[in-house]
Every structure is written in structure tokens, then in C-alpha cells.
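Numbering of the sequence shown is given in the numbering used here, commencing with residue 34 and proceeding in unit increments.
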Amino acid sequence: MSEKKKKENDVDAGAAASGARKAPEHKRRAAGASRSGANARAARQQRTDGTDTAAAKTSKPRNASGQRKTGGRRTKAERSSLFDFPDITPDDVVNAAADTPETAVSSRSAQNAAKGRRSGTRDASDRKTETKLRIIPLGGLGEIGKNMTAFEFGSDIVVIDCGMGFPEEDMPGVDLVIPDISYLTANREKVRGILLTHGHEDHIGAVPYVLKQLNVPVYGTALTLGIIKNKLSEHRLDFKPQLITVKAGDKVKLGVFEAEFIHVNHSIADSCAIALTTPRGVVVHSGDFKLDVTPIEGEMMDLTRFGELGKKGVKLLMCESTNAERSGFTPSERSVGGALENLFTANPDKRIVIATFSSNVHRVQQIIDISIRHGRRVALTGRSMLNVVSAACELGYMHFPEGTLVDIGDIKRFRPSDLTLITTGSQGEPMSALYRMAYGDHAQVTLSTSDLVVLSSSAIPGNEKYIGRIINELSRAGIKVITDSVFFGVHASGHACAEEIKLLQMLLKPKYYMPIHGEYRHLAANRDLALFAGMPADHIFMSDIGKVLEIGRNSAAWGGSVPSGKVLIDGYGVGDVGSAVLRDRQHLSQDGMVVVFASVDTTARLILTAPEIISRGFVYVPESEDLLYDARKAAAEEIQSGLSQRKPDIETIKERVRREVAKCLSSRTGRNPMVIPVIIDL
Ligand SMILES: [Zn+2]
Ligand SMILES: [Zn+2]
């Protein structure tokens, strides 16, 4: 990059970050629009003088008013009635090398355009060499969980969210999954910090693991950091993490970036969207959100601020997609209170056991409030429930009179009608408190027909089977189970439905759009909402993890890819369980294992200990003596033949034994256990 160019970039970066020296983008845009008539005239003149045939060929046909014919696409006028998009598309950028740019955004390019085609070419090459804002999703796209996105500009990177995911069925023994952050560790000197939108595991779960590799400041609201502190204390870091508490409305500066936290409603308190001011415009990351006009505590989502940002001009909106397939609006959290209240009224004699997400502080608060109104005490069970409630009480997010909570060990002192239990396990997680209750394995709680179990939750995709198992087990024991599908309203999602997503699109009027946070079907549904609202298809970027979107002053295009994927956590091991280990685990889990043990003397060419066979998970040994005898015989023959070679080699013998024993077992049983030869040369 030339020295001059570099300076321009620096100035631009500084101005965008401070918002002081340069006119706001919407003003520049307006100025650009008024100039575009002159530019178009200049462009037409070039074509009529016959010197610009290349441009004439590449430019699209225009209609009488000088607008490009857009074929099936909406015309500019139609579009702008829905969205305030500046009149420039990636097509324009591609054509810019040969065509005079019709829309001039900066005064510099306007002057260039007036000077003629040569300057236009220079402007296009500026675009090629300008520093781009790189949007790098590292998780959460095309998958549920492990949300993480990096934003890179020049020598600065900031990261939004740092979540974990759950292992798939083909990952036996894996505890959890975190994003591959090798791109960040390779650029560690650039990383200015991690910004957290809220305290859900799919947004913060990887923080302890990532901090071990990348000790950078972490910014989040009080509840978010409160939950993280609990987690970090279990991880025994050998340094003090830099946790910086922010609140909605705060702005923090990180390198060239400025991040503003904006209040949104969600199923955990203290959730934020983040508006990231970058040298290439404002990027809004929605976080997880819904619009709750009657929240339990605090305010409605800060629509005013989103509207202001929209007026100033938003370059890119990254919007969550979880409920994009659902029409309408998500019901208010307050409506759940009404439904639960009705259940309490209708079941005055039962002990009510409610399973919900422990992080849904407002839900837990509502259940406690209703219990108090119905003269009930409340007991909590499940580790995360106790953790979150204690953090929330400490930070002032929950309020109830002393004596409301009773220890789970004391519940036998209360009649069923005087008690509510709030428990974890709403996702059917094995070993969760509800799971143990259902299988009669909970130390303090024994369920009976005098209990009413309420699942005040919805299934995270993939967990339906586990939840079904618990409901079956409880039903078998004659215990009534209420779910949202049985008694409508005992749960409200924390995620925006179609109308709320469209509302955010309309308020922010982004130039570009990227659906995030969801499996592909959710992202596609979100894209369709943007198309329906009038966003041009080529302004919507359907991304994937590792896929880089590069945003320039007037362009947005794919910019290659970076390493991405899943890092598996098993016990204390981070990333040491790779595809080879998983393959072995799958193999073992399917047909079990057979160990062939023998000792030989390769020099004397003797078998010292005849082959013995130990098996696990393969066959029931007492009923398979013939089979195992044959396998031992096959092994002995192979060892003997190996020893009679000119130069007996122990590794060759092992491999031959493995192959022959596997063949023998497979032909007799149709199974393919893992065969491990342990042959020792003494
Ligand atoms: Zn969330
Ligand atoms: Zn989420």
C-alpha cells in the first residue's frame, strides 16, 4: 500500500471511529444521491463520444429515467419505499472497473467521476486496495450453539460471543464442543477483546477455554459476567481474567472499533445487541433477542436506539434466526405468568414441580412470586439452578422475602400443597435433577401421583428424544406432565419470530444483511423475511463458519475462508479428541473389542505364552467358547508362521494376527470388533 493511501485509510478509520471529523454516513449518502444525476450524465457523454465501447458493453440497459433495468428485481423506487438502500450493488462494483460509478459516496470519488473514465479506474483500484472490514463467523451458522464471530480491520480484531455447543450423537464421550479459534490464536496480537451479548451457554460457554489460549479483556453486562465468574472459578486459571462490566447504553473502544451495547429482551436478563462502529460503517449484531412490550423487569427492547442507528445508516445487520420460521410475534414473558397462575389455581392439592432453564431468571422469579401468592414455599434443585439463582440474587436481579426458599433436604417437612420445586432438566439431560427424579434416583425428591410436573420450556432441537423419555417414564408412574403443547402458554420463547425480525430490519434499514444463529433452515427462513421486506437478494449474505465477508466503503463480497470447526472437550482435554479417537470410539461402541495376548521369543522362534483372548462388548464369553477357541487357534497359526520367516519381525506378526483374527471373528459372527494384538517379544 502506498504511503498516501495508507494515510487516507488511517484518517478514514479515525473519523469513522470518533464520528467527528467526517460527515455522518447518511449525509454523505444524501450528497452522493444528489450528485448521481451529474455522474450519470457524465457517463452517458463518455459513451456517446465513442471512446468508451467497453463501458457501453458492460453497462446494463437503462430505462427512460436513466435507471438500470433490474429484470425480475424490484426497481430502485419500489425498493426504497421499503428499505433505504443506497443505490449501489455488488454488480456496480464489479462493473466499476470499466464503467464510471453512478453513485459517488465520497466527495473524492465524485470529483474523480466528473474528471472522466481514467479517474473512475483509479477509484475502482482504490476499492481493490482499500482495507476491508472482515466479518468472520467462527460458530453458530448452520448449527445450533457455539456462537462466535470475529471482526477484523487492519491490525485490530474484536470478537462477539464465545459460546459452546453440545456434542453430536457420533461423538461418544465428548462433553462439549467449542469453536476452533486457531485464526484468533494465529493473530493473537490483533485481538482487542471479546464482547458478550448475554449469559447463555451458547454465547459464553467457551470463554474459560478460550481465555486459556487468549488472555484478552472480556466485556459483558453484570449478570453475564456473574455467570462467567462462577464458571471460571471451576477452571483454575493461572492468571486473573480481565472482566469488564458494561451496561446497556455503554460504548467501549477497542482499537479502531467502538462497540455500543443496546438493551434487548431475551430469556435471560441483561441481554444486549451490539452496534459496532467500524471504519467501513456500523455493523449491528442482534445477539439473541425478542421484543417484549411487557417484560418482567426492566425496559422494552431499546427500539428508539435501533431507529436512531437506522437513520444514521447501518452497513450490515447480523440478525439471529432461531424463530424465523415462526410467524407473528413471540408472546411476552409476562403471559407465561398468567398460564402458570392458572395451573396453580387448578391444582391446589398437588406439589408442583416445574422444570425450566436455570438462566431464565425472570421465569424463576415469576414461579417464586406465584408460589408466594398461593402460600407455597419454594425449593430449588440442580446445580446450575442454584448457581444462577445465587448469582442473580447477589447482583439484585431477583427479589423475594426471606424464608421463601427452603432447602431441598427439608422438603419432607411440607405438605405437597405447600411446596413448589423448581428444577433443571427441562431438556431431558441425563443425570439432571428432573432425570434423576423421573428414574427414582434423586436423593431428596421422590415423585408420586400427588405431584404435577410442568415443563416450562421448549426443546432445543435435537433434545426432543431425551425429553420424550422423561415424559414417558413419569407417565408410566401415573404422574401428570404438563408441557407447552398440553397447556398452551407455560412457556414463551426468548427469540424473535418473523414479525420482530422484520421490525428490526425496518428500523435499522441495513445496506447488507446476514442471517446468523441457527441451522441452515433457520438462516434460510430469515433470508426469506429480508427478501419479503424488499432487500435485494445480492445484499443478503448466507454465510457459514469460516467464510469471510469483506466489506469496503461501497462493496461487500466473499473474501475466502479461515480455519474453523469444532474443538471437542472431554474431561480436562481440549482438542485432543480428534477424528481418529472418535473413529475408534464409534468402532468400539458398535462391535466391542478383542485383545489377543501372547508372548514369543523371535530369536529362538518360540511361542512362550499361547494366545489368550480377552473381549469386551463383543460376545458373551461363556456361550462363545468354540468361537474364541478358533480365534486363538488362528492367532497361534499366524504367530507360528511369522516366527518361521527368515527374519521374524514382531510388528509384522502383530499385523498378521490382527488381520486373521478379525477375519475369523467376522466370518463367524458378522461383527467387526476392534482387534488389538498384544504380542510381546521376550
Ligand atoms: Zn440466548
Ligand atoms: Zn443463543
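Every residue gets a Cβ at the ideal spot worked out from N, C-alpha and C, and that includes glycine.
- A292 is positioned such that its CB atom lies no closer than 7 Å to that of T278.
- Boundaries of the beta strand (DSSP E) around R167: 166-172.
- The three-state reading of DSSP puts A531 in helix, counting H, G and I together.
- Annotation: A388 to E684 spans about 56 Å, alpha carbon to alpha carbon.
- The beta carbon of V478 sits closer than 6 Å to the beta carbons of M470 from its chain, once the five residues preceding and following it are set aside; these are given in chain order.
- When the five nearest sequence neighbours on each side are left out, the beta carbons in the same chain lying within less than 8 Å of the beta carbon of D714 are those of S632, V633, D634, T635, I683, in order along the chain.
- When DSSP states are grouped into helix, strand and coil, L660 belongs to the helix group.
- Taking the CA atoms as reference points, T457 sits about 28 Å from V251.
- Within the same chain, and ignoring the five residues on either side of N180 in sequence, the residues whose Cβ sits closer than 7 Å to its Cβ are G172, G173, D194, G196, D235, H236, H550.
- In this structure, H555 has its CB at a distance of at least 6 Å from all heavy atoms of ligand 2.
- Sorted by chain position, residues whose beta-carbon lies closer than 5 Å to a non-hydrogen atom of ligand 1 are H233, D321.
- For S368, the closest alpha carbon among the candidates E341, D517, L537 is that of D517.
- Between the segment 346-363 and the segment 551-559 there are three or more C-beta pairs closer than 8 Å, enough to call the two in contact.
- Taking a C-beta distance under 7 Å as the contact criterion, L228 and I307 qualify as a contact pair.
- With respect to the 7 Å criterion, L601 and V207 are classified as neighbours on the basis of their beta carbons.
- Beyond the five residues adjoining it in sequence on each side, S188 comes within less than 6 Å, by CB distance, of K223 in the same chain, given in chain order.
- Look at D283 here: in three-state DSSP terms it is coil, with no helix or strand label.
- Within the chosen limit of 6 Å, ligand 2 reaches the beta carbon of D235 through at least one heavy atom.
- Per the Cβ contact rule, the segment 425-439 is not in contact with the segment 453-468 (fewer than 3 Cβ pairs under 8 Å).
- For the pair A372 and G522, the CB atoms are nearer than the 7 Å cut-off.
- Rounded to the nearest angstrom, the gap between the Cα atoms of F290 and V191 is 8 Å.
- Per the DSSP secondary-structure output, L336 pairs with nothing in a beta bridge.
- Between K445 and L438, the alpha-carbon positions lie close to 14 Å from each other.
- DSSP places R448 in the coil class of the three-state scheme, outside both helix and strand.
- Sequence-distant Cβ neighbours of G461 in its own chain, meaning closer than 7 Å and more than five residues away, are Y468, N496, Y499, I500, R502, I503.
- Residue burial annotation: Y662 is exposed, with fewer than 16 other C-beta atoms found within 10 angstroms of its C-beta.
- In this structure I403 touches G370 by the C-beta definition: roughly 7 Å separates them, less than 8 Å.
- In this structure, I301 sits away from S365, with a CB-CB distance that is not shorter than 7 Å.
- DSSP places K179 outside both helix and strand once states are collapsed to three, so it counts as coil.
- With contacts defined as CB atoms closer than 7 Å, A695 and V708 qualify as a contacting pair.
- For the pair of segments examined, the segment 341-356 was found to touch the segment 304-320: the number of CB pairs separated by less than 8 Å reaches three.
- Pairing G592 with V610 gives a Cβ-Cβ distance that is not under 7 Å.
- Inclusion of G675 and G650 in the CB contact set at 7 Å is not warranted, their separation being larger than that value.
- C-alpha of E693 to C-alpha of L615: approximately 25 Å in a straight line.
- Between the C-alpha atoms of G259 and P200 there is a straight-line separation of about 26 Å.
- CA-CA distance, A239 to G198, rounds to 9 Å.
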